[in-house]
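Engineer: There's a structure below that I have some questions on.
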Amino acid sequence: RSRAEFHYSGTYEANGKRIGYLRIPSFDPPSPFAAVRELQAEVEFLQASTDGLVVDITRNPGGNCYGEFALQLLVPYYFRAIADEIRPNLELIISGELALETAELLGAEDWEIEFLRIFVRDLRQAYSENRGRSGPLSTCGVSNELSPAKEGDRVIAYSKPLITLIDELTVSWGDVFAAVMADSDRGPLVGYRTDGAGGL
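Below, the structure is given as structure tokens:
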């Protein structure tokens, strides 16, 4: 294995079963694109050659929306990711409108523009109704209703039993990842309760 690889993985035998091990050290890889490609290759190998999987996110300091890609490669059915509820004020609405105008002027990708439109629309509505906070707004994309990773119509997410290892140093997106795995009934969380600095 190369030191340039972001993940650590392997297999071992236990009670006549071949178990996979996948360590995700953080959700902030130096190159998210390279990390997604690497993780996809790892998951495809583990799907083909193991009976079950241990996903290790102990001591994971968190990161960013790379965590959603990891979830899509490990949850083989539709699931709900995290969302934020925001208490809007005029300054936040103006900032959102400016970000939307800038994205449109600079020719941002369609999904980015749609995300900003939904964000601004929901903030305006919550502000005009004086209801205190918005509804749930996706943290990483247009929607927090996510599908498993696919190639064409074929699901490529890991579909066999798994457990997720956590500890008190699993924080931020580590917390979020563990919470989504638990909420989607993907498998048991094993270890110590996470720090609580991001979700669970």
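When the letters of the sequence shown are read in order and numbered with the working numbering, they come out as residues 32 to 231.
In this text, a Cβ means the ideal position worked out from N, Cα and C, and glycines have one as well.
Can you tell me whether DSSP reads V202 as helix, strand or coil?
Structural biologist: Sequence index remark: in the sequence shown, residue 202 carries index 171 (1-based). Coil.
Engineer: Please state whether the Cβ-Cβ distance between N91 and T170 is less than 9 Å.
Structural biologist: Translated into positions along the sequence shown, residue 91 becomes position 60. Translated into positions along the sequence shown, residue 170 becomes position 139. Not in contact: N91 and T170 (Cβ atoms no closer than 9 Å).
Engineer: Pick out whichever of G222, I187 and W204 has its Cα sitting closest to the Cα of Y109.
Structural biologist: For this step, residue 109 is matched to residue 78 along the sequence shown. With distances taken between Cα atoms, Y109 lies closest to I187.
Engineer: Is it a yes or a no for the segment 121-129 touching the segment 78-91, going by three-plus beta-carbon pairs under 8 Å?
Structural biologist: Short answer: they don't touch.
Engineer: Should the segment 97-108 be called in touch with the segment 177-195, which here means at least 3 C-beta pairs below 8 Å?
Structural biologist: At 8 Å Cβ cutoff, the stretches touch.
Engineer: Using the beta-carbon count (16 or more within 10 Å), is T225 buried or exposed?
Structural biologist: Numbered from its first residue, the sequence shown carries residue 225 at position 194. By the 10 Å Cβ count, T225 comes out buried.
Engineer: Could you have a look at I50 and say whether DSSP puts it in helix, strand or coil?
Structural biologist: Here residue 50 is taken as the residue at index 19 of the sequence shown, counted from 1. Strand at I50.
Engineer: Out of A213, P179, R217 and S203, which has the shortest C-alpha to C-alpha gap to F100?
Structural biologist: Stepping through the sequence shown from its first residue, residue 100 is reached at position 69. It is P179 whose Cα lies nearest to the Cα of F100.
Engineer: Could you spell out where the beta strand (DSSP E) holding D87 opens and where it closes?
Structural biologist: Residue mapping note: residue 87 aligns to position 56 of the sequence shown, counting from 1. Run containing D87: G83 to D87, per the beta strand (DSSP E) assignment.
Engineer: So, G222 versus I197, is the Cβ gap smaller than 9 Å?
Structural biologist: Looking up residue 222 in the sequence shown gives position 191. Looking up residue 197 in the sequence shown gives position 166. Yes. Within cutoff.
Engineer: With distances taken from CA atoms, which of P63, M212, E199 and E116 is nearest D153?
Structural biologist: Counting from one through the sequence shown, the residue named residue 153 turns up at place 122. If we check each option's Cα against that of D153, E116 comes out closest.
Engineer: Helix or strand or just coil, what does DSSP make of A45?
Structural biologist: Sequence index remark: in the sequence shown, residue 45 carries index 14 (1-based). DSSP places A45 in strand when its eight states are reduced to three.
Engineer: Helix, strand or coil for F266, going by three-state DSSP, please let me know.
Structural biologist: A question about residue 266 goes unanswered here, because the residues of the chain that appear run from 32 up to 231.
Engineer: Should L102 and L77 be called a contact, given that it needs their Cβ atoms to be closer than 9 Å?
Structural biologist: By 1-based counting over the sequence shown, the position of residue 102 is 71. By 1-based counting over the sequence shown, the position of residue 77 is 46. Not in contact: L102 and L77 (Cβ atoms no closer than 9 Å).
Engineer: Just reading off the alpha helix (DSSP H) that L123 is part of, what are its end residues?
Structural biologist: Here the question's residue 123 lines up with position 92 in the sequence shown. First-last of the alpha helix (DSSP H) with L123: L121 to L136.
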